[in-house]
Amino acid sequence: MTLSVVMKNKKEKFADPPNFTEKKEYRPADVTEKGLVFVGHEISEDRTVMNQFLHYDQLYTIRHGWNSRFFIGLLEGKIMGTRCPKCGDSWVPVRTHCWNLDCNLQKTEWVEMPLTAQVHTWTIAGWSGRSSLKRLPIILVYANIGTSKVAMANELHGMNPWDVEFGMPLKIVFKPKEQRVGAVTDFHFEPVDFWKPTPMNPEKQRIKDLVMPVYEWVKTLK
Amino acid sequence: MSRKVCIIGGATTPFDYGPTGFESIEGGAAECIKETQQDVPEFSLRDLDLMIYSHFSVHFSHQLAPEWIIHDHLGLVGLPHYRVENGGNTGGSALYAAALAIMSGHHDVVGIVGWETMDSVSQSQGSEFIAMASDIRYELMVGGIYPIYYAAMANKWMKENHVTEEDVATIAVKNKNNAMDNPKAQWYRNDHRYITVDDVMNSRLISYPIKKYDCCLMSRGVAFLLVCTEEYAKKVNPDHYVTVDGMGLSSCTIRAGDRLNNPGWTERYGPGYPGMTEFAACRNSAEKAYKMAGIKDPLKDIDFGEIHDAFSTSEAQIYKALGFADEKTIAKFIRDERTTMHGDIPMNPGGGLLGYGHPVGATGLMSMIECYYQLAGMIPQKHLSKKTEVPDPECGVVNSHAGTGTSISNFILRRH
Ligand SMILES: [Zn+2]
């Protein structure tokens, strides 16, 4: 008995690979990829305990796939959202399939959102991750962009931290085109032009008292 | 009816940042088991028929599948093992897995080892690692640390519930001061002082309204919990076992901003809930646990709890999610000192995350162990005094909590 094997065309693929024609590198000169390297150690005086220093430096490729248009939109100064054609819900951050179980993972369509938003909630950071320390204090807001049913986190610039308010209207401001990297840090929120802060009150004063030392502390950073 | 799940022992290493005295993880696990054996001499490693490992981040452990090292070190080759990972709710989820294994009838004696080594990187790098459990595409680079997300949620919650900075500061004071009675607690081992509301109010701004002393500690630590059938409990520790009478596990969105109008919650609790303020997964998992344990009125039926106070503000939010108070009563509930040691429902007598520490994979187990000690009458031998002993407790709640409230479990433990 002979085995019959159906030979498929080797070139037949599940999908055509994308043809990446635009490539940009903006890696700092000191970012290298050496992989895993032991770079030192220390031993206690009584020679019973040892610590070893392992350095791990690895480049990740974040493949945005179906979410890509949002990040490409950032490079172009646009906020791209998605919308479910069945129930009409829309989102930034985007969902490529509807969250409504009745829509049964309906694929969504891309929509360009207006560059306006509204504060849902806010905080004023006086401490942050290593890469953000020098920018402190930071007003961080969650805001609904355009018709989005969800709130998106980003920084609010252009005002005193103690003046931020729930529900305040915002505009979206992008960095200059040449500085954009296709990440959410390409844009921030600012108050709309007609917005005026309310007068000083005890809570604003409390926040001011908490925030002023942060300005001083940041000046001491190298 | 499925089989009863029992807890018959457990122990942690001291929690600390830097040297703890048990400087290898597998060594720490071995010491936790040995301490458990001092309390339960009849328990032999040979009785285990499943090991579950509770560990959050291999970024901290600089080792993939680090549970294999521990398991091997304990001499348990041949025994089935796997790791559970579910953010800050890793410990709770590991107990959930162990309980399912016992309820199913497939396993009888399950050990859980949990740990985290957050001092393997700098504090600020550690904060960034933890923030990688946010959606890094949208959130990591804006804000960059978890306290900021929690502060944004708490700020709005406090306004809506008329809870002040001073109110939540009393929670930080309570837990850190409780930890001063607990020699394994990181606050006892490092800061080692009693604090006041003023100390909290004057500590540095982390993210308004959260200040340094409103925050938990980054830690190194290991914990072991022994879970089994009632038959085995009666055999090896008949006088000091507790039963897991209720358990619930629930989930919410990874990005806190995605829960304003989420259809899953609208379907369960109506429009507008939980918003960015309430821990819906806590309420939902508590409802499941209460139902299973026959808890009708949590304030009456529960004597105390060990809950996930990653921030003083979250403990307040959790009170509400556990049904201790509502929007109208929550501020008074806190001000009446109901959850202090002299209150009617003490919370975190062991110090909680604010005082004991938060080595993520070990944290939920630490809460279980403290709850177990209270119910088993072991506080006088485990804490420094009887100051942090709940008088004659019958029933405790344990809460384990992840993300921005993204996964939450609740357990009802009862003294046998
Ligand atoms: Zn839909």
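Chains A and B, in that order, are what the protein sequence lines are.
Counted from 1, the first sequence has number 37 at position 37 by my numbering; the numbering is strictly sequential.
Counted from 1, the second sequence has number 257 at position 257 by my numbering; the numbering is strictly sequential.
Ideal Cβ positions, reconstructed from N, Cα and C, are used throughout, including at glycine.
Quick caveat: nothing in here was measured; it's all calculated off a predicted structure.
Counting only beta-carbon distances shorter than 6 Å to the non-hydrogen atoms of ligand 1, the qualifying residues in chain order are C84(A), K86(A), C87(A), D89(A), C98(A), N100(A), C103(A), Q106(A).
Around I302(B), the same chain offers C395, V397 as residues with beta carbons nearer than 6 Å, after the five sequence neighbours per side are excluded.
For A151(B), the closest Cβ of chain A is nearer than 9 Å. Annotated three-state conformation of D16(B) is strand, per DSSP. With the criterion set as a beta carbon lying under 9 Å from some beta carbon of chain A, the members of the region 241-275 of chain B are T253, R255, A256, G257, D258, R259, L260, N261, N262, P263, G264, E267, G275, in sequence order.
Closer than 9 Å to the CB of G28(B) there is not a single CB belonging to chain A. Taking 9 Å as the cut-off, the beta carbon of G91(B) is found no closer than this to the beta carbon of I69(B). The Cβ of M141(B) sits closer than 9 Å to at least one Cβ of chain A. Sequence-distant partners of L221(A) (beyond 5 residues in either direction) whose C-beta falls short of 7 Å from its own C-beta, in its chain, are L133, K134. In the three-state reduction of the DSSP assignment, D39(B) falls in the helix class. A straight line joining the alpha-carbon of G272(B) with that of R259(B) spans about 9 Å. Interface residue (Cβ-Cβ distance to chain B less than 9 Å): M152(A) is classified as such.
Annotation for E231(B): D108 place their beta carbon closer than 8 Å to its own, counting only its chain and skipping 5 residues before and after. For A402(B), the pairing in a beta bridge is given by DSSP as S407(B). Among the residues of the region 200-232 of chain B, those with a Cβ less than 7 Å away from any Cβ of chain A are R204, L205, I206, S207, Y208, in the order of the chain. The region 112-126 of chain B makes no contact with the region 35-44 of chain B, as fewer than three CB pairs between them are under 8 Å. Counting along the chain, the unbroken alpha helix (DSSP H) around W68(B) starts and ends at 67-73. Straight-line spacing of the CA atoms in Y213(B) and G158(A) works out to 30 Å.
Using beta-carbon distances, D102(A) counts as an interface residue toward chain B, with a partner under 9 Å. DSSP places N144(A) inside the beta strand (DSSP E), whose first and last residues are 138-145. Nearest to N19(A) by C-alpha distance, out of V173(A), C84(A), G65(A), K107(A), is G65(A).
Counting the other CB atoms within 10 Å of its CB gives G78(B) a total below 16, which places it among the exposed residues.
One thing to note: I412(B) has its Cβ no nearer than 9 Å to the Cβ of A233(B). Of the residues L136(A), H41(A), N104(A), M50(A), the one whose Cα lies closest to the Cα of V218(A) is L136(A). Under the DSSP assignment, M80(A) falls in the beta strand (DSSP E) whose first and last residues are 79-83. Per DSSP, Q58(A) lies in no alpha helix (DSSP H) and is assigned neither H nor E. Across the set L299(B), D16(B), Y82(B), G343(B), the C-alpha of G343(B) shows the shortest separation from the C-alpha of T388(B). Secondary structure of N284(B) (DSSP, three-state): helix. Nearest to V150(A) by C-alpha distance, out of P274(B), G403(B), P66(B), E67(B), is P274(B). Looking at the backbone, the Cα of Y188(B) and that of M200(A) are separated by about 41 Å.
In this structure, I195(B) sits away from T404(B), with a CB-CB distance that is not shorter than 9 Å. Rounded to the nearest angstrom, the Cβ distance from V92(A) to I145(A) is 5 Å, consistent with a contact under 8 Å.
Taking each of A256(B), K156(B), H192(B), G377(B) in turn and checking the Cα distance to P391(B), the smallest one comes out for G377(B). When 9 Å is used as the limit between beta carbons, I145(B) is near these residues of chain A: A125, W127, S128, G129, S132, in chain order.
Here Y17(B) is near G357(B), since their CB atoms are less than 9 Å apart.
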